[in-house]
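J.:
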Amino acid sequence: MPVTRRSLLKAAALSPWLSTQFSFGADSQPDDKTLPPPRYQLAMNLEIMFPAKMPYQDRIVEAARCGAKHYGFWNYSGKNLDRMLEAQQAHGMTCVSITGAPRTGWGSGLTKTGQEQAFLDDFADACRVANRFGAENLITFVGKIQPDIPPETQHAQIIAGLKKAGEIAKEHKVYLTLEPLSRVESPQMTMVTSADAFRYATEAGHPNVKVDFDIYHRQLGEGNVLNTMADGLKRGLIQFIEVGDVPGRKEPGSGESNYVNIFRLLRQVGYAGAIGMEHGTTKTPQHAWDTVRAMAGLA
């Protein structure tokens, strides 16, 4: 995103609020004597961290053995949902997220004219699965860029579709959480910056349409994570947060992102939602869980 006068003014306006909520100290270690206790919960994502051929019900069992109480997964197609639910119930686990509109979100989405109903039907199906699992967050993409359709038309279709999808989410008592990706990995997608997602959620104007702030994608695609995340939290746009380090998308602490400060900010502002561990591991799932749990102040 280019630096403009507007972006500089916005950052200046945010800085006083951020400085009162968060201390940028030279010492990168959190001070548990002054920080509020964490209100968030860690959730192990089942997709990247475990062997590709491991059945998903076994992944739930392994996540529980690591010490997790919450988890998330992506597309529900092709998975043995009954067995997964059995494992979830047997181990007292809570599912916090699945993918919304898994058949259409990565393709025609809301950007291709005439495909809105297919997207809404897809999203409604995902809502029903989410209700079975008790998952509150449906991580949703709005489609690829359509080179033959004017950008303003695509934008109008996205907003109109999100308003309707928000009503479906409300009916099912869940959230449609928009996940912006990045131009680095997904240049074909429409939503690739925080600004994109914040704008869509704001213009949709629906209490059940929010944002999934995936810190891996945000660091990879734009940086300025602390200020941008603080802005989204202050505006009430961020419903769900995901973590993963850059480069490599392994556990926090394995790359360049300052997750000590990130978790410090989330504690300072009282973020009380779920934090999805959507990443791989440099060693084992247990190592990733223990590392992130300690860094998050939950050990």
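With mature numbering (1 follows the signal peptide of the UniProt record, and there is no 0) applied, the sequence shown covers -25 to -1, 1 to 274. Think of the CB as a built atom: it goes at the ideal place given N, C-alpha and C, for glycine as much as any other residue.
1. Would you check if the distance between the CB atom of VAL200 and the CB atom of GLN194 is smaller than 8 Å?
2. Is the beta carbon of HIS254 sitting closer than 8 Å to the one on GLY219?
3. In its own chain, which residues sit with a C-beta less than 7 Å from the C-beta of LEU208, not counting the 5 before and 5 after it?
4. Within 10 angstroms of the Cβ of ALA274, are there 16 or more other Cβ atoms? Answer buried if so, exposed if not.
5. Looking only at its chain, what residues have a beta carbon closer than 8 Å to the beta carbon of THR128, apart from the 5 residues adjacent to it on each side?
6. Would you mind listing the alpha helix (DSSP H) stretches within the region 9 to 79 that are 4+ residues and don't spill past its ends, in chain order?
7. Under 8 Å, with one C-beta from each stretch per pair, do the region 141 to 153 and the region 169 to 182 reach the 3-pair mark?
8. Kindly indicate the opening and closing residues of the beta strand (DSSP E) around LEU113.
9. Would you call the region 66 to 74 in contact with the region 118 to 125, where contact means no fewer than 3 C-beta pairs closer than 8 Å?
10. For the candidate residues VAL159, GLY223, ALA76 and GLU226, whose alpha-carbon lies nearest to that of THR152?
11. Roughly how many angstroms lie between the CA atoms of LEU10 and ALA271, to the nearest whole one?
12. Output the boundary residues of the beta strand (DSSP E) element that contains GLU142.
13. What is the C-beta distance between PRO155 and ALA176, in whole angstroms, given that I count them as a contact (C-beta under 8 Å)?
14. Using CA coordinates, which residue listed in TRP81, GLY82 and LYS145 is at the minimum distance from ARG103?
15. Is residue 278 helix, strand or coil when you go by DSSP?
16. What residue does the alpha helix (DSSP H) around GLY196 start on, and which one ends it?
17. Which runs of the alpha helix (DSSP H), 4 residues or longer, sit entirely within the region 151 to 207?
18. Ordered along the chain, which non-local residues of its own chain (more than five positions away) have a Cβ less than 8 Å from that of VAL159?
19. According to DSSP, simplified to helix, strand and coil, what is PRO260?
20. Would you mind reading off the limits of the beta strand (DSSP E) that contains ALA249?
21. DSSP three-state call for LYS87: helix, strand or coil?
22. Let's test the definition: count the other Cβ atoms within 10 Å of the Cβ of ALA269 and tell me whether it reaches 16, buried, or not, exposed.
T.: If we stick to the structure as given:
1. What you label residue 200 is simply residue 225 of the sequence shown in a count that begins at 1. What you label residue 194 is simply residue 219 of the sequence shown in a count that begins at 1. Going by C-beta atoms, VAL200 is nearer than 8 Å to GLN194.
2. Counting from one through the sequence shown, the residue named residue 254 turns up at place 279. Counting from one through the sequence shown, the residue named residue 219 turns up at place 244. Contact: yes.
3. In the sequence shown, residue 208 corresponds to position 233, counting from 1. Closer than 7 Å at the Cβ level, and outside the excluded window around LEU208, lie VAL244 and TYR246.
4. Taking the first residue of the sequence shown as position 1, residue 274 is located at position 299. Under this definition ALA274 is an exposed residue.
5. Translated into the one-based positions of the sequence shown, residue 128 becomes position 153. Closer than 8 Å at Cβ, skipping near neighbours: THR88.
6. 31 to 41 and 56 to 65
7. yes
8. Within the sequence shown, residue 113 is the residue found at index 138, counting from 1. Its beta strand (DSSP E) spans residues 112 to 115.
9. no
10. Residue numbering aside, residue 152 sits at position 177 when the sequence shown is read from its first letter. Checked all of VAL159, GLY223, ALA76 and GLU226; the closest Cα to THR152 is ALA76.
11. Taking the sequence shown and counting its residues from 1, one reaches residue 10 at position 35. Taking the sequence shown and counting its residues from 1, one reaches residue 271 at position 296. Taking the straight line joining both Cα atoms gives about 12 Å.
12. Within the sequence shown, the letter at position 167 stands for residue 142. GLU142 -> not in any beta strand (DSSP E); alpha helix (DSSP H) instead, spanning 126 to 147.
13. Sequence index remark: in the sequence shown, residue 155 carries index 180 (1-based). Sequence index remark: in the sequence shown, residue 176 carries index 201 (1-based). No, PRO155 and ALA176 are not in contact; Cβ-Cβ is about 10 Å, not under 8 Å.
14. Indexing the sequence shown from 1 puts residue 103 at position 128. Nearest option by C-alpha distance: LYS145.
15. A query on residue 278 cannot be resolved here, the shown segment of the chain reaching from -25 to 274 and no further.
16. Against the sequence shown, residue 196 aligns to sequence position 221. Counting along the chain, the alpha helix (DSSP H) containing GLY196 begins and ends at 190 to 196.
17. 169 to 179 and 190 to 196
18. As a working mapping, residue 159 is identified with position 184 in the sequence shown. Excluding sequence neighbours, VAL159 sits near LEU195 and GLY196.
19. For the purposes of this step, residue 260 is taken as the residue at position 285 of the sequence shown. In the structure shown, PRO260 sits in a helix (DSSP, three-state: H, G or I).
20. Along the sequence shown, one-based indexing puts residue 249 at 274. Counting along the chain, the beta strand (DSSP E) containing ALA249 begins and ends at 249 to 252.
21. Start at 1 with the first residue of the sequence shown, and residue 87 comes out as number 112. Coil.
22. Working through the sequence shown from its first residue, we reach residue 269 at position 294. ALA269 is exposed by the Cβ-count criterion.
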